[in-house]
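Engineer: Residue numbers (UniProt numbering): 1 to 338. For every residue, glycine included, the Cβ atom is placed at its ideal position computed from N, Cα and C. This structure is in structure tokens; I'll ask about it shortly.
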């Protein structure tokens with residue numbers, strides 16, 4: 001089968017170090033499905049892995065929308081089922097994934113479905129953790145019992161942000177604030193349900209928000225200092241949740257530099273690495289996302305699609321997007337495999 005690999009740590013424009021290789025199709029054991037990948041996508045974390053050299057052994061790519069071709073001793077999944085999931089090495093023709101982490105794909109295209117799993121699971125679990133503790137069961141449906149909530153999603157136009165806005169709307173948030181840049185991106189996030197949008201190239205979002213005006217901050221971008229800037233706006237009893245990267249991801253610190261050094265009394269701060277809970281909650285979270293897709297409460301937006309052969313161009317497009325720290329492309333970047 002074909003698989004995207006690199007020759008080592010890799011940098012934009014990627015064309016000299018990203019290649020398709022022919023490798024053996026994975027062998028699967030009992031309760032593990034072999035999935036023919038129809039489509040996958042590019043997340044910022046995927047580009048980080050490409051740059052860091054993880055693709056030298058074919059471990060790059062996470063999102064999977066595809067068709068089951070083998071699943072010995074499986075109880076839920078059958079050969080021929082169209083499914084979505086997360087799988088290590090998704091930039092391949094085939095991927096092996098435990099049945100317990102696989103959801104049935106909703107009735108949307110593989111191209112659309114392949115853009116949702118990682119950002120969908122990330123935003124769903126993050127927003128649910130604004131009202132619950134890691135390690136406990138995920139709340140069913142909306143995590144929020146209080147009405148008239150104001151939710152801030154720091155970067156709205158990309159993958160986690162566009163899903164986050166839709167989830168906040170579906171779960172009853174009265175006001176959803178975010179940032180984007182340019183008319184297309186601003187109109188896009190408004191179409192998803194954002195009620196207040198600033199252009200991050202012109203103004204700082206938290207500089208425009210009144211004191212004690214916000215209940216939830218989902219910081220899905222994580223620029224240094226954001227927690228300190230946000231504190232004045234968060235009401236006592238509110239939550240600031242950071243989706244970490246870099247040092248904040250590896251150390252998972254619950255204090256500076258990742259979180260505020262001077263938190264407001266009564267404001268909960270959480271540096272939440274969703275990957276630690278993916279395995280435990282992937283199936284129920286994927287099923288909840290599928291139900292939202294079926295009800296019209298969640299949709300995928302594909303900014304641009306590339307073939308597997310052009311994976312290097314997809315990585316370059318992702319890495320080259322954005323100015324001022326927030327991605328300028330709208331929605332997700334898809335890779336069509338078969």
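Starting from the C-beta of residue 100, find all residues in its chain whose C-beta is less than 7 Å away, skip the five residues before and the five after it, and write them out in chain order.
Structural biologist: Counting only Cβ-Cβ distances below 7 Å, and skipping sequence neighbours, we find 283.
Engineer: Excluding the five sequence neighbours on either side, which residues of its own chain have a C-beta within less than 6 Å of the C-beta of residue 133, listed in chain order?
Structural biologist: Closer than 6 Å at the Cβ level, and outside the excluded window around residue 133, lies no residue.
Engineer: My output table needs one value for residue 321: the three-state DSSP class, helix, strand or coil.
Structural biologist: Residue placement at residue 321 is flagged as unreliable, the pLDDT there being 47, under the threshold of 50; a coordinate-derived value is accordingly withheld.
Engineer: Tell me which same chain residues have a C-beta within less than 6 Å of the C-beta of residue 142, skipping the five on either side of it?
Structural biologist: Closer than 6 Å at the Cβ level, and outside the excluded window around residue 142, lie 171, 172.
Engineer: Quick check on the DSSP output: what are the complete alpha helix (DSSP H) runs of length 4 or more inside the region 170-214, in order along the chain?
Structural biologist: List check, alpha helix (DSSP H) in window: 183-192.
Engineer: So does the region 93-113 actually touch the region 145-153, counting three or more Cβ pairs closer than 8 Å?
Structural biologist: At 8 Å Cβ cutoff, the stretches do not touch.
Engineer: Let's see if you can read the secondary structure: which residues bound the alpha helix (DSSP H) around residue 82?
Structural biologist: Looking at the DSSP string, residue 82 is not in any alpha helix (DSSP H); the run it does join, the beta strand (DSSP E), is 82-86.
Engineer: Can residue 64 and residue 90 be called in contact, C-beta distance under 7 Å?
Structural biologist: Cβ atoms of residue 64 and residue 90: closer than 7 Å.
Engineer: Report whether the distance from the Cβ of residue 336 to the nearest heavy atom of the ligand MN is below 6 Å.
Structural biologist: Only the bare structure without any ligand can be found here, which leaves the ligand MN out of the picture.
Engineer: Mind checking which residues open and close the beta strand (DSSP E) that includes residue 268?
Structural biologist: Note, residue 268: beta strand (DSSP E), 268-271.
Engineer: Counting C-beta neighbours from all protein chains within 10 Å, is the total for residue 38 16 or more, i.e. buried, or is it exposed?
Structural biologist: Under this definition residue 38 is a buried residue.
Engineer: Alpha carbon to alpha carbon, how far is residue 158 from residue 332? Give it in angstroms, no decimals.
Structural biologist: Taking the straight line joining both Cα atoms gives about 7 Å.
Engineer: Near residue 137, what residues of its chain come up, given a Cβ to Cβ distance below 7 Å and the 5 sequence neighbours on each side ignored?
Structural biologist: Counting only Cβ-Cβ distances below 7 Å, and skipping sequence neighbours, we find nothing.
Engineer: When you compare only the Cα positions, how much space is there between residue 115 and residue 313?
Structural biologist: Looking at the two C-alpha atoms, the distance is approximately 17 Å.
Engineer: Which term fits residue 191, buried or exposed, when burial requires 16 or more other beta carbons within 10 angstroms of its beta carbon?
Structural biologist: Flag for residue 191 reads exposed.
Engineer: Do the region 200-215 and the region 229-237 meet, that is, are 3 or more Cβ pairs less than 8 Å apart?
Structural biologist: Judged by Cβ distances under 8 Å, the region 200-215 makes contact with the region 229-237, as three or more pairs qualify.
Engineer: Alpha helix (DSSP H) containing residue 287: first to last residue?
Structural biologist: Counting along the chain, the alpha helix (DSSP H) containing residue 287 begins and ends at 275-295.
Engineer: So what's residue 105 in DSSP terms, helix, strand or just coil?
Structural biologist: Looking at residue 105 - three-state DSSP - the assignment turns out to be coil, as it is neither helix nor strand.
Engineer: Count the CB pairs spanning the region 299-316 and the region 103-113 that are closer than 8 Å, and state whether there are at least three.
Structural biologist: Contact holds: three or more Cβ-Cβ distances are below 8 Å.
Engineer: Whole angstroms is fine: what's the gap from residue 130's alpha carbon to residue 16's?
Structural biologist: When rounded, the distance between both Cα atoms is 42 Å.
Engineer: Are the region 245-257 and the region 269-276 touching by the rule of at least three beta carbon pairs closer than 8 Å?
Structural biologist: At 8 Å Cβ cutoff, the stretches touch.
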